[in-house]
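Order-wise, the sequence lines are chains S and H.
Taking this note's numbering, the leading residue of the first sequence gets 1, the next gets one more, and so forth.
Taking this note's numbering, the leading residue of the second sequence gets 1001, the next gets one more, and so forth.
Note that the Cβ used here is the ideal one computed from N, Cα and C, for glycine as well.
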Amino acid sequence: MTEVLPVGIADHVIDELRGICGDDGVRVDRPARVNRTRVPAPFRVHRWAEHVPDVVVLPRSTEQTADVVRLANRERIPVVPRAAGTGLTDGATPLRHGILLDVKRMNQIRDIDLVDRTVTVGPGISMLKLNEVLRPHGVIYPDDPASYPCSMVGGRIGTGGWSLIGARYGHTRDLVISMTVVLPTGDVVQVGDGGGRKLRKASTGFSLKQLFMGHEGTLGVVTEATLELVPRPEVEFAAFFGYPDYATAYESTGALAKSGFATLAGVVLFDEWKLAYLRRDDEAYVEQPESLRAVVALAAYGNRDEVTPAARALMRIGRETGGDYLGDEVSQGDWAARHDRYAIPLHGRAPDGQVVPMSWHCEDAALNYSVLPQVREEWHAIVARYRERYGIFDDWGMFAYTNGAYKPWGDYLVEIDVGIWEQQLDDEAWEGWVNCKREITEVTLKYGGSISACHGASREGDVEYVPTELGGAFDVMKQIKRTLDPNNVMNPGKYLLDQAYEEAP
Amino acid sequence: MTDVDPATQTFVEQWRDHAYSCFSSGHKFCRNVCPVMGVTQDENHSPTAFHANVVAMEQGLVSLEDVARDYVHCTQCGACETRCPNTLMAGDFYRHRTRTVDLVKAMRALAVDNGIEQPGWKRWVDETVRVRSEPVLDVPVEQERVADWADGLDLPIGGETILFVDCEAAFHRTSLPRAVARILRAGGVAFGLMREQWCCGGPSREMGYVDTAREFARHNLADWRDGGVRRVIALDPHDYVAFTEDYVEYFGDDYDIEVVFITELVAELIRDGRLQLTNPVEAVATYHDPCRLNKRRGIFESPREILRAIPGLEFRDVDHVTQWSYCSGAGGGLAVERPDLTAAISGQRLDRAAALEVDTLVSACVWSERPLSRAGTDRGIEVRDLMELVAEAAGLGVDPPGTGGQPAAGGSAADRRMA
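Laid out in structure tokens, this is it:
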């Protein structure tokens, strides 16, 4: 019998890695490698082996990380950084085996600066754990994705994450002040605004910080980040409104988002399909009249003296634009449970209504407010066709979330949730799935949107369209990639960046 | 799968859909409440990995030999199950609960059945089989001395209600059963002891030795039946879980024994005025929710009710949901195979207590008290059992550990201080 998952890296390299990270920081056992492969995005279980790394390393410091990357660069071995492995694109899934660099042991809080209002951490800490420590000091780090209890700072940077309360506090890109990055050659640099570690705005040199935000591990590994601290909000106000139809809810969403209140943390629009899904399959759904077909949720965070009058005005706007307040139980309960509710991952429905175990796929286009109704109709129609044809997909409805930091009125993170019965996947069904994604993407681009507001666009079905979306900017990406990573060792194969090495220099 | 024995094949078929429910989700909320992950940061030890391995076994990517050792890294505290979005959000509707603890037990049993044994556990179970009680560390254990802890208390044998005294309590922290006996007597609860108490079998089961565990269970049930026992009072959460989960599985509908945990009974005695707590206990204390009570069996109110009834005690509570991530690290055999991790987990628990500026950590799980005491010594926090506090508050006196039976050689500094 042939060996299962052989280690495709020479023994002397493994020994060298052990010299860097210690014996307990280097793992070649199959469970260690197999369990650092998938992310929650749809996954070809039958092709799992193609994505298993050769070796897992668990460095404890910037120095160890730099030594690992330097070695990989010398030996031309792929390196894939991985934090929590909870991303919804495949950034942390190896395409070419190699070294899986797990940053979870770099989970220390190094410095809490209550004077200049920053906290400096390793990439392997989750926001939940970080805020447990920060809260007694009267401050928080307000990066609040749906994956708040499980995702980690390193992955948030790697994907360029989006926060549920970003309208008030900004998203990951706005909340990371500076960071230490190990480049693909093993060199270590500090990037921020200018050279200061704790400066929010500087004009010295190029603005490199955003270059290292959302690169899906293709440009390096962040090993330390200095983050924003904000005053712990005195009040977290949430309100849910119900509407008889999508059109009214859409208008109401716009009115709320344009209200101009600085404490407005976010507005979320649920469409009819989402309501139908919640009615059908979410046991935590609080029963509402059948006439209710769409919902808008909003939240306002901040000091009591600001939030109280803002909340009063937002309630008035919600009602005046056709919303029925759904009551405190729904408003407070559903908002409080927002992190647990972001996936109801257990099950979906086959077309005959049968309950089946399904994984969850979430499209996350960025789109302007003006095009939301049309995109919604076209997306649902696409999913309905594939659902009928393959019988392993389910339409779990759509959300639209305010997307702009501090300026939530102009564009939205638009999500269609699709259930996939992965156990039934074969190559043909997978191809069907990818084609479905492609059609969704084409609609996004037709309406002037971007493929991804927060997950990243490096997956099959998205990535083919990145050059189309970015145009000449994609050529700049390739030039940067080749310059920083001359041997294509950092997460190779992602974002079509192999093209950077195929063309004449 | 090829080259797989039929038992493994059956195991995979039995668990594949359940494991898949976790695997397809992959959100890993469990990781942040898992006490073992909290100290190792090693994904191999995550509840998600425990499920994913089943899917990987089905795919032929890993074998039982590959994964068996990873399943040592679990205290079977149940935190992952309570925190799982599948349990939280779909549980009632579909009667679903993510069963990580059962999966870990099943995988360990499969390993033992296939001759893959962990040396520490093998020694532990062999010795338990030899002496019929667990080889409580640092204390000589002999079956004929299983009730020596009760010396001088003049307790009857048999009766409708019996007190089951956990091995750690019977041979090491004898102050606990002595306190419980006095409390029950003061509260007017008639009870006796077993004719011949054997280990509850829970630890053997947790380590994968199912046949051995069943043999212990059969003996104990027969002993109860012979003595006309209708009700068993458990003073240790591990026994309580064995009696209310494992025994139900073994004996099905024939199992007609009422099992009550001591805190539930004592809270009732206090509530009904049958037990008066009048002596002040001058301490600033917080309560450690034992995992098997809080996360496995939903018992978290009665211990708090008791603590609030103790005069003089300043009780600084941490709610039971926050405590999902708390653990002593003593359970599930971890302390036998990885005492280093148990110590680290206990250390984290005591750090949390220290942050509350308390002088006492109260537990209701005797197995937790040794590692917690060790960690408490370094931090100036005394670890006490809830029943010992109750006995003190009821003016019944508290014996030093080791009274009655064996001396508590090798006990913690906290134990010695109490002595």
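{"Item": "Under 8 Å by beta carbon: chain H residues contacting residue 129(S)", "Value": "1032"}
{"Item": "Complete alpha helix (DSSP H) runs within the segment 1009-1046 of chain H (minimum length 4 residues, chain order)", "Value": "1035-1040"}
{"Item": "Within 8 Å of chain H by C-beta, residues of the segment 68-85 of chain S in sequence order", "Value": "84, 85"}
{"Item": "Sub-8 Å separation of residue 1358(H) and residue 1286(H) beta-carbons", "Value": "yes"}
{"Item": "Three CB pairs or more closer than 8 Å across the segment 197-209 of chain S and the segment 263-271 of chain S", "Value": "no"}
{"Item": "Top-ranked residue by Cα proximity to residue 1266(H), from 1240(H), 1295(H), 1291(H), 1303(H)", "Value": "1303(H)"}
{"Item": "Contact with chain S by residue 1027(H), beta-carbon distance below 8 Å", "Value": "yes"}
{"Item": "CB contact flag (residue 1158(H), residue 1192(H), <8 Å)", "Value": "yes"}
{"Item": "Pairwise C-alpha distance: residue 1088(H) and residue 276(S)", "Value": "21 Å"}
{"Item": "Cβ-based neighbour list, residue 1314(H), same chain, cut-off 6 Å, excluding 5 preceding and 5 following", "Value": "1284"}
{"Item": "Contacts around residue 292(S), its chain only, beta-carbon distance under 6 Å, and the 5 residues preceding and following it disregarded", "Value": "242"}
{"Item": "Range covered by the alpha helix (DSSP H) that runs through residue 315(S)", "Value": "304-320"}
{"Item": "Bounding residues of the alpha helix (DSSP H) (the contiguous stretch that carries residue 333(S))", "Value": "328-336"}
{"Item": "Per-residue DSSP class, three states only, for residue 428(S)", "Value": "helix"}
{"Item": "Neighbouring residues, chain H, relative to residue 29(S) (Cβ below 7 Å)", "Value": "1066"}
{"Item": "Closer than 8 Å to chain H by CB, residue 35(S)", "Value": "yes"}
{"Item": "Per-residue burial, residue 473(S) [other beta carbons within 10 Å of its own, 16 or more giving buried]", "Value": "exposed"}
{"Item": "Minimum C-alpha distance to residue 1069(H) - residue among 1081(H), 1104(H), 1097(H), 1084(H)", "Value": "1104(H)"}
{"Item": "Between the CA atoms of residue 393(S) and residue 508(S) - distance to the nearest angstrom", "Value": "In the structure as shown, chain S starts at 1 and stops at 505, and residue 508(S) therefore has no counterpart that could be examined."}
{"Item": "Chain-ordered neighbours of residue 1036(H) on chain S, where CB pairs are closer than 8 Å", "Value": "Chain S residues near residue 1036(H): none, gap ~13 Å exceeds 8 Å."}
{"Item": "Closer than 8 Å to chain H by CB, residue 458(S)", "Value": "no"}
{"Item": "Cutoff 8 Å: residue 1279(H) Cβ touching any chain S Cβ", "Value": "no"}
{"Item": "Endpoints, the alpha helix (DSSP H) within which residue 361(S) is located", "Value": "That residue, residue 361(S), is in no alpha helix (DSSP H); its beta strand (DSSP E) goes 359-362."}
{"Item": "For residue 1409(H), the three-state DSSP class (helix, strand or coil)", "Value": "Any reading at residue 1409(H) must be qualified, since the residue scores a pLDDT of 37, below 50, and its modelled position is unreliable; no value is offered."}
{"Item": "Residue-level contact to chain S via CB, residue 1004(H), 8 Å cutoff", "Value": "no"}
{"Item": "Validate contact between the segment 297-307 of chain S and the segment 227-244 of chain S using beta carbons, cut 8 Å, 3 pairs", "Value": "yes"}
{"Item": "Cβ of residue 1041(H) within 8 Å of any chain S Cβ", "Value": "yes"}
{"Item": "Where residue 1070(H) meets chain S, residues with beta-carbon distance less than 8 Å", "Value": "31"}
{"Item": "Residue 1259(H) and residue 1244(H) closer than 8 Å at C-beta", "Value": "yes"}
{"Item": "Cβ-based burial, residue 261(S) [other Cβ within 10 Å; buried from 16]", "Value": "buried"}
{"Item": "Contact with chain S by residue 1017(H), beta-carbon distance below 8 Å", "Value": "yes"}
{"Item": "Amino acids of chain A, ordered along the chain, whose beta-carbon sits closer than 9 Å to that of residue 1114(H)", "Value": "The displayed structure is made up of protein chains S and H, and chain A is not among them."}
{"Item": "Helix, strand or coil at residue 325(S) according to DSSP, with G and I counted as helix", "Value": "strand"}
{"Item": "Assumed close pair residue 512(S), residue 1020(H) - CB separation to whole angstroms, cut-off 8 Å", "Value": "Only positions 1 to 505 of chain S appear in the structure, and residue 512(S) is not among them; the question remains open."}
{"Item": "Coil, strand or helix - residue 81(S) by DSSP", "Value": "strand"}
{"Item": "Whole-angstrom distance between residue 1394(H) and residue 39(S), CA atom to CA atom", "Value": "56 Å"}
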